[in-house]
Amino acid sequence: MQEIATETAVTERGAAAPAASGLRAQVETLERRLRQRDDQRRAMLHIMGDLNEFNKRLANQRKAMIHIMGDLRETTAEMQRREQELRDKQEQLVQAGKLATLGELTTGVAHELNNPLNNTGLFVGNAIDLIELGAPDKGAIVRELRHALQQVGKATEIISHLRTFGRAAPVSREPISVKQVIDRALALMREQLRLREIEVMVDLGSEETVVMANPIQLEQVFINLFTNARDAVADSPRKAIRISSSVGPAAVEVAFADSGPGIPPGLEQRIFDPFFTTKEVGKGTGLGLSITYGIVKEHGGMISVVSPPGEGATFLIYLPLASADTSETSAP
Numbered sequence: 000m001q002e003i004a005t006e007t008a009v010t011e012r013g014a015a016a017p018a019a020s021g022l023r024a025q026v027e028t029l030e031r032r033l034r035q036r037d038d039q040r041r042a043m044l045h046i047m048g049d050l051n052e053f054n055k056r057l058a059n060q061r062k063a064m065i066h067i068m069g070d071l072r073e074t075t076a077e078m079q080r081r082e083q084e085l086r087d088k089q090e091q092l093v094q095a096g097k098l099a100t101l102g103e104l105t106t107g108v109a110h111e112l113n114n115p116l117n118n119t120g121l122f123v124g125n126a127i128d129l130i131e132l133g134a135p136d137k138g139a140i141v142r143e144l145r146h147a148l149q150q151v152g153k154a155t156e157i158i159s160h161l162r163t164f165g166r167a168a169p170v171s172r173e174p175i176s177v178k179q180v181i182d183r184a185l186a187l188m189r190e191q192l193r194l195r196e197i198e199v200m201v202d203l204g205s206e207e208t209v210v211m212a213n214p215i216q217l218e219q220v221f222i223n224l225f226t227n228a229r230d231a232v233a234d235s236p237r238k239a240i241r242i243s244s245s246v247g248p249a250a251v252e253v254a255f256a257d258s259g260p261g262i263p264p265g266l267e268q269r270i271f272d273p274f275f276t277t278k279e280v281g282k283g284t285g286l287g288l289s290i291t292y293g294i295v296k297e298h299g300g301m302i303s304v305v306s307p308p309g310e311g312a313t314f315l316i317y318l319p320l321a322s323a324d325t326s327e328t329s330a331p
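Okay, so the sequence shown: first residue is 0 according to numbering that gives the first Met the number 0, each after it adds one.
Given below as structure tokens:
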């Protein structure tokens with residue numbers, strides 16, 4: 000009996016051993032899974048920590064970006080304000096140059112006005128004489144008075160032109176004939192040039208060249224060039240100014256050539272600098288060519304000068320042509 004009991008106990012221990020081993024394996028597996036989960040949890044916590052740090056840095060960067068954008072807006076606004084101030088100063092400078100030009104034109108304009116005023120007086124005087132003499136022909140009196148009105152119209156046109164040129168130019172641009180603007184500039188300068196016995200030759204061809212421009216500003220460009228050429232030929236044996244043009248596919252080139260002594264070597268670029276002048280003290284402001292350069296550049300064009308020794312100076316102005324659509328609206 001004792002042997003049977005011993006065998007039974009041994010059998011039970013043998014059966015319990017695998018069960019205990021399996022249980023330990025399960026416990027080890029569970030512990031391993033728990034450790035893995037702990038590692039995953041720690042990794043997740045680490046990732047969460049990194050994400051929080053990243054979010055903090057991102058928030059700081061966003062604040063910095065907002066601050067930079069605010070500074071950029073302020074800088075942009077300041078730049079726009081300064082650009083507007085610069086444009087205002089440039090417009091004031093252009094206007095000052097225009098008024099200075101008008102001052103120089105006064106003598107010539109006075110002579111221009113003398114002719115129609117004298118003619119008006121003559122025609123009115125003739126009409127008065129006919130009336131006092133009791134002339135039976137009323138038609139002769141009417142003709143004299145109509146002639147007088149025509150002369151008044153000429154004087155009015157001259158004064159109107161001066162007023163238009165003298166006022167501040169609007170910023171708008173329109174299709175304008177280059178020939179028309181040059182003719183208007185020459186109309187103001189003609190008497191000055193005639194009194195100085197300066198020969199003017201204009202060869203702009205038969206084709207009507209139209210550009211998009213501000214007519215008053217463009218007229219100022221040509222008056223400045225006429226004035227510059229007038230002064231350049233003052234002491235020359237032959238006093239002559241020649242204006243010509245050539246038209247390309249996209250631009251027109253207008254050449255102002257004079258028979259003066261030319262520009263000293265090395266000064267071809269400096270003559271466009273503000274307040275630079277080769278004239279004697281008191282005989283030039285040094286603004287004419289600088290203003291001319293600024294106006295041409297604002298119109299999308301270019302101006303340059305060539306001055307071969309002993310051949311005078313030629314100013315070349317390049318202006319973009321108006322498109323076909325806008326050319327049709329140009330004044331005749």
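Using N, Cα and C, we set each Cβ at its ideal position, and we do this for glycine too. Note that the coordinates shown come from a computational prediction; the quantities given were computed from them, not determined experimentally.
Judging by CA-CA distance, which residue of the options is the nearest neighbour of residue i?
| i | options | result |
| --- | --- | --- |
| Ile181 | Glu190, Ile67, Val151 and Val220 | Val220 |
| Glu206 | Ser176, Ile290 and Ile215 | Ser176 |
| Ile215 | Glu252, Thr291 and Leu194 | Thr291 |
| Glu375 | Gly152, Val232 and Val304 | The structure shown does not extend to residue 375, since the chain is modelled only from 0 through 331, so no value can be given for it. |
| Glu173 | Arg61, Arg56, Ala186 and Val209 | Val209 |
| Thr226 | Asp234, Leu288, Asn59 and Met47 | Leu288 |
| Asp202 | Ile222, Ser244, Ala186 and Ile46 | Ser244 |
| Gly299 | Thr313, Leu44 and Tyr317 | Tyr317 |
| Val151 | Leu129, Phe122 and Ala42 | Phe122 |
| Asp272 | Gly261, Asp257, Ala256 and Ile302 | Ile302 |
Could you check whether residue j and residue i sit closer than 7 Å to each other, using their CB atoms as the reference points?
| i | j | result |
| --- | --- | --- |
| Gly311 | Gly247 | no |
| Ala250 | Leu320 | yes |
| Arg241 | Met200 | yes |
| Glu218 | Arg193 | no |
| Ala126 | Leu144 | yes |
| Ala154 | Leu187 | no |
| Ala239 | Thr313 | no |
Can you tell me whether DSSP reads residue i as helix, strand or coil?
| i | result |
| --- | --- |
| Val280 | Below a pLDDT of 50, predicted positions are generally treated as unreliable, and Val280, at 42, falls in that range; no measurement from the model is reported. |
| Ser205 | coil |
| Ser289 | helix |
| Ala139 | helix |
| Phe314 | strand |
| Pro260 | coil |
| Arg241 | strand |
| Pro174 | strand |
| Leu148 | helix |
| Pro236 | coil |
| Ser303 | strand |
| Glu319 | The amino acid occupying residue 319 in the given sequence is Pro; Glu does not appear at that position. Correct three-state label for Pro319: strand. |
| Ala249 | coil |
| Ala42 | helix |
| Ala58 | helix |
| Ala126 | helix |
| Ala154 | helix |
| Ala134 | coil |
State buried or exposed for residue i, treating a residue as buried only when at least 16 other CB atoms are found within 10 Å of its CB.
| i | result |
| --- | --- |
| Pro307 | exposed |
| Asp70 | exposed |
| Ala139 | exposed |
| Ser322 | exposed |
| Leu224 | buried |
| Pro135 | exposed |
| Pro264 | exposed |
| Ile222 | buried |
| Pro236 | exposed |
| Glu190 | buried |
| Lys55 | exposed |
| Ala212 | buried |
| Val141 | exposed |
| Ile270 | buried |
| Val295 | buried |
| Leu33 | exposed |
| Leu129 | buried |
Measure from the C-beta of residue i to each C-beta in chain B and report whether the shortest distance is under 7 Å.
| i | result |
| --- | --- |
| Lys62 | No chain B is part of this structure, which consists of one protein chain only. |
Where in the stretch 179 to 231 do unbroken runs of the beta strand (DSSP E), each at least 3 residues long, occur, reported from the N-terminal end onward? 198 to 202 and 209 to 212
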